[in-house]
Structures are given as structure tokens and as C-alpha cells.
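Scroll down for the structure; my scribbles are underneath it.
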DNA sequence: GCATGAATTAACAGTATTGTTAAACAAGTC
DNA sequence: GACTTGTTTAACAATACTGTTAATTCATGC
């Protein structure tokens with residue numbers, strides 16, 4: 057059995073590498089993040105990175121596995137089967153998504169980078185992603201169609217509602233770096249901006265579906 | 057005066073480099089596009105690239121200058137002062153933007169890459185961008201506020217309407233590579249999808265402002 | 001033809017990248 | 001104290017990238 061000291065030493069280096077990797081991948085994407093800089097930030101020689109994780113790709117998968125697992129959990133949690141109205145159900149899901157994105161502000165940017173520049177790295181998630189999406193569709197599509205056919209909400213397809221949500225939610229967080237760097241907003245201003253977008257996204261969706269503000273029931 | 061042959065030769069190489077550069081920058085962004093590959097695609101040695109354009113940065117500026125100039129033109133054209141309703145005015149601007157993006161499907165991705173990974177390259181456009189945006193705000197903000205105060209449309213700030221438009225429009229084209237590669241849609245399916253998104257974005261905006269479908273005047 | 005000047009090539013410098021490896025080190029076990 | 005095991009370092013290989021430069025080609029004007 058390993059001694060505490062040995063164990064701690066190993067754990068420290070290994071975890072330092074993992075934390076630096078996650079931070080750098082989230083910042084720079086896959087291709088632009090270098091093992092050299094990861095090692096520099098973790099305070100170890102770059103050979104250690106290969107000793108513990110073999111290749112850059114392996115460590116990237118560890119980072120992405122963790123983050124995507126959390127995202128998937130969050131999306132699944134949004135498919136509650138509580139006995140509430142369609143809107144309450146949908147709103148709950150969107151709010152969970154927005155709260156997840158708020159806690160993982162750099163993740164969408166990373167996913168975009170990878171999908172754009174190294175799509176082969178996402179193949180290992182394709183099956184589970186398709187499963188999740190078809191689960192999502194199965195859960196909400198029927199309910200939406202009922203809501204539309206019964207005349208309780210305006211006509212819209214599941215596909216378009218899905219993209220309304222995705223484009224508004226995801227791209228808000230993709231544009232975050234621009235808020236900081238280009239528009240030179242400080243963190244507090246960014247937070248306030250995000251809160252306003254959060255409310256507006258919900259508001260837009262309710263107007264789209266029901267033609268009026270949520271509060272004016 | 058240069059002979060035709062000399063002129064042609066020069067023009068051919070120079071233009072071949074420029075075309076290959078634009079294509080590769082649009083595909084890979086600034087940092088991941090290499091002068092080596094630009095030269096390879098243009099069918100010339102990579103020294104020629106430096107001979108005609110000195111540095112990678114210089115050629116990138118040439119590409120971006122051209123594209124941003126076109127974008128700015130398009131946005132300015134969207135600020136028509138025709139004597140039409142606020143909605144017709146706004147809708148015209150959004151349609152022009154969407155049509156521009158449709159003709160420059162990779163530009164948003166490039167801008168995102170640069171803003172994220174090489175923001176210093178955008179400094180030279182900061183002043184003109186701010187001018188454009190303040191012109192845009194000056195043009196529409198007052199009209200929107202009138203529309204809201206008069207009760208002709210639902211309450212909304214210019215800022216939120218702006219972001220509703222930007223996030224839905226831009227990110228639709230940012231997600232295009234995913235449609236092709238991840239969702240494995242062919243070009244025809246992508247075109248049909250874009251058309252549906254085009255209509256839906258206009259529809260969403262009209263619901264957001266007026267609480268009903270555009271056609272149900 | 002030949003001199004001129006632009007266009008082109010091939011080779012090089014300098015730097016950075018990922019990954020490997022042999023040797024050194026540390027610490028506990030027998 | 002010698003042995004074993006896991007950890008760390010420094011040096012190296014192989015490749016790629018940006019940019020420069022000296023030498024060469026080439027069309028053209030004289």
C-alpha cells in the first residue's frame with residue numbers, strides 16, 4: 057500500500073495537471089491549448105503530463121467527459137415529468153439549462169471550438185448525444201403538439217422552438233468573451249447583463265408561445 | 057507601363073494567394089490557418105506570400121477589411137429612413153442582416169474565432185464598430201421607445217431587442233458547421249433549415265413585440 | 001542580345017509543438 | 001544496506017510554423 061506522502065505527491069501533481077488542463081482547454085479550445093503551457097501552469101515539467109495522461113488527447117477526453125456528463129445530467133433533470141402545465145415544464149428546463157451554462161460559462165465556447173476545428177474528438181459522444189436529444193424530443197414534442205393543436209399556444213414546430221432556445225441560450229455565453237474584452241464590461245456588469253438576458257429569453261419564449269407576457273395570465 | 061503578361065502573372069499569383077487566404081481564414085480562423093497551407097492551396101511557394109503581403113497579419117487584415125466593409129455596408133443599408141412603420145423598418149434591417157449572413161456563411165465563425173483568440177487584431181475596427189453601433193442605436197432606439205410608450209408594442213429595451221436579434225441570427229450561422237458535420241445534413245437540408253430559421257426569427261421578433269403573428273394583422 | 005527590375009525558388013534561421021527515454025531521485029520494504 | 005517501485009528531470013527526436021535571404025528565372029525595353 058502506498059504511503060500517505062507518496063500518495064499525496066502523486067495526487068498533487070496529477071490533480072494540478074488536471075486542473076490546469078481544464079482551465080486551459082476551456083480558455084483556448086483543443087488545438088490552441090498546448091501541453092507545454094498546461095505543464096507551466098501546473099508548475100511541473102511537461103514530461104509529467106505525458107507520464108500521467110500519456111497524450112494531450114487523453115487528458116482532453118478526461119476534461120470533456122466530466123463536463124459533458126454534467127451537462128447531460130442537467131438536461132435530463134430538465135425533463136421532469138411533474139404534473140404541471142406545458143409552459144411550466146418547458147420554463148423549468150430552460151431555466152435549468154441557463155443555470156448550468158451560468159455555472160459553466162466557458163463550456164459552450166470550448167464545445168464550439170472542438171466541433172469546428174476537431175470534430176473527430178466529438179465522435180465518442182455522438183451516440184449518447186443522439187440518445188439524449190431523442191429523449192428530449194420524445195418528452196416534449198408530443199406535449200408541444202398537443203398544446204398547439206388544442207389552441208392553447210401559437211403554432212410552432214418542436215424543431216424551431218428547440219433552436220430558438222439553443223441559439224439564444226448558447227450564444228449568450230459564447231459572446232461573453234466579447235463582453236469582457238471588446239465591450240470592456242467588468243465582471244459585475246457582465247453578471248447584470250446575463251441576468252437581463254436570462255429574463256428576456258424566458259420572456260421571448262412566452263411571447264412566442266402565448267402572445268403575451270408571462271405575468272399577464 | 058507593365059506588359060500584359062507581367063501584369064497577369066503578378067495578378068494571378070497575388071490573387072491566388074488572396075483567394076486561398078480568404079478561404080482558409082474563413083475555415084480555420086486566424087491562428088489555426090497557416091501561411092504554409094495558404095501557399096499550398098494557392099499553388100505557390102510560401103515565400104511568395106511574404107513577398108506580396110509581408111506577414112500573415114497583413115494578409116489577414118486585407119481579408120477582414122474587405123469582409124467587414126461589406127458587413128458594415130449591409131448594416132447601414134438596414135437603417136433606411138423610409139416612411140414605414142417601426143416594424144417594417146426593423147424587419148427590413150433584420151432581413152438584410154440575415155441575407156448578408158447567408159451570403160457570408162463563414163464570416164461569423166471567423167469573427168468569433170478572432171474575438172476569442174486574437175482580440176488585439178480587432179482593435180483597428182473598434183472605432184468604426186462603435187460608430188456603427190451608436191448610429192444603429194440612435195436610429196432605432198428612439199423609434200422603439202416611442203413604439204413602446206405609445207402602447208403599440210410590448211415593453212422591451214433596445215438592448216434586449218438588439219441581443220435577441222444578434223444571438224438568434226449570428227449563432228444560427230455559427231452552428232452551421234455542426235449541421236454539416238455533426239448532424240450530417242447535406243447542403244440542401246441545410247438550406248431548407250436556414251430558410252425555416254429565417255422565417256422563425258422574424259416570427260419570434262414579431263410575437264415578442266406585438267404578441268401575435270405578423271399575418272394576423 | 002543584353003541590361004533591368006520584378007517574380008520566383010530553395011535553403012536557412014529561429015522558434016514552438018508533442019511525445020519519448022535514459023538517468024536520477026525518493027521513499028518504503030525486506 | 002540493498003532492492004523495488006513510482007516519480008521526476010533533462011535532454012532529445014521529429015515535425016511544423018513564420019519570416020528572411022541569396023541566388024535564379026523571366027519578360028521586357030533599349
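Protein chains in written order, with the numbering used here: chain D, 57 to 273; chain C, 57 to 273.
Backbone N, C-alpha and C define an ideal beta-carbon position, used for all residues, glycine too.
Note that this is a predicted model, so its numbers are computed, not measured.
Grouping DSSP H, G and I as helix and E and B as strand, with all else coil, what is residue i?
i	result
residue 61 of chain C	Unreliable placement is indicated for residue 61 of chain C, whose pLDDT of 37 sits below 50; the coordinate value is still reported in the next sentence. Here residue 61 of chain C sits in helix by DSSP.
residue 174 of chain D	coil
residue 231 of chain D	coil
residue 37 of chain C	No statement about residue 37 of chain C is possible, as the shown extent of chain C runs from 57 to 273 and does not include it.
residue 225 of chain D	helix
residue 210 of chain D	coil
residue 88 of chain C	coil
residue 159 of chain D	helix
residue 76 of chain C	helix
residue 239 of chain D	coil
residue 144 of chain C	helix
residue 268 of chain C	coil
residue 130 of chain C	helix
residue 136 of chain D	coil
residue 99 of chain C	coil
residue 111 of chain C	coil
To the nearest whole angstrom, what separates the beta carbons of residue i and residue j, a pair I think is in contact under 8 Å?
i	j	result
residue 124 of chain C	residue 181 of chain C	6 Å
residue 230 of chain D	residue 170 of chain D	That belief does not hold up - the Cβ atoms of residue 230 of chain D and residue 170 of chain D are roughly 13 Å apart, past 8 Å.
residue 154 of chain D	residue 73 of chain D	In fact, because the Cβ distance is near 32 Å, the residues do not count as touching under 8 Å.
residue 228 of chain D	residue 253 of chain D	5 Å
residue 221 of chain D	residue 261 of chain D	7 Å
residue 86 of chain C	residue 177 of chain C	6 Å
residue 88 of chain D	residue 173 of chain C	6 Å
Counting only Cβ pairs nearer than 7 Å, list the residues of chain C close to residue i.
i	result
residue 254 of chain D	What residue 254 of chain D touches in chain C: nothing, since even the nearest Cβ is about 11 Å away.
residue 216 of chain D	252, 256
residue 226 of chain D	227
Which value, in whole angstroms, describes the spacing of the CA atoms of residue i and residue j?
i	j	result
residue 35 of chain C	residue 150 of chain D	Look at the range of chain C in this structure, 57 to 273, and you will see that residue 35 of chain C is not part of it.
residue 112 of chain D	residue 84 of chain C	20 Å
residue 183 of chain D	residue 115 of chain D	21 Å
residue 198 of chain D	residue 130 of chain D	21 Å
residue 250 of chain D	residue 225 of chain D	10 Å
residue 145 of chain D	residue 245 of chain C	30 Å
residue 82 of chain D	residue 70 of chain D	18 Å
residue 92 of chain D	residue 255 of chain D	42 Å
residue 152 of chain C	residue 187 of chain C	19 Å
residue 160 of chain D	residue 109 of chain D	24 Å
residue 62 of chain D	residue 101 of chain C	The pLDDT assigned to residue 62 of chain D is 40, lower than 50, so where the model puts this residue is not dependable; a value taken from the coordinates is nonetheless given after this. Distance between the alpha carbons of residue 62 of chain D and residue 101 of chain C is about 54 Å.
residue 156 of chain C	residue 196 of chain C	20 Å
residue 201 of chain D	residue 190 of chain D	16 Å
residue 203 of chain C	residue 266 of chain C	10 Å
residue 238 of chain D	residue 166 of chain C	15 Å
residue 122 of chain C	residue 76 of chain C	15 Å
residue 138 of chain C	residue 90 of chain C	46 Å
residue 80 of chain D	residue 140 of chain C	50 Å
Can you name the residues of chain D whose CB is closer than 8 Å to the CB of residue i?
i	result
residue 165 of chain C	172
residue 157 of chain C	Per Cβ cutoff of 8 Å: no residues; residue 157 of chain C is ~13 Å from chain D at best.
residue 220 of chain C	224, 256, 260
residue 88 of chain C	87, 88, 173
Note down, in chain order, every chain C residue with its Cβ under 8 Å from the Cβ of residue i.
i	result
residue 168 of chain D	168, 230
residue 84 of chain D	173
residue 198 of chain D	Ordered by position in chain C, no residue passes the 8 Å Cβ test against residue 198 of chain D, which lies about 21 Å from the chain.
residue 237 of chain D	171, 175
residue 264 of chain D	259, 260, 263, 264
Starting from residue i, find everything on chain D with Cβ-Cβ shorter than 9 Å and list it in chain order.
i	result
residue 269 of chain C	210, 211, 267
Is any heavy atom of the ligand COA found at a distance shorter than 8 Å from the C-beta of residue i?
i	result
residue 109 of chain D	Because no ligand of any kind appears in the structure shown, any question about the ligand COA cannot be addressed here.
Give me the chain D residues within the contact set of residue i, using Cβ-Cβ distance strictly less than 7 Å, ordered along the chain.
i	result
residue 275 of chain C	The structure shown does not extend to residue 275 of chain C, since chain C is modelled only from 57 through 273, so no value can be given for it.
Using a Cβ-Cβ cutoff of 7 Å, what residues of the segment 171 to 185 of chain C are near chain D? List them in chain order. 171, 172, 173, 175, 178
Scan the segment 110 to 135 of chain D for residues whose Cβ lies nearer than 7 Å to a Cβ of chain C and list them as they occur along the chain. So nothing in the stretch comes that close.
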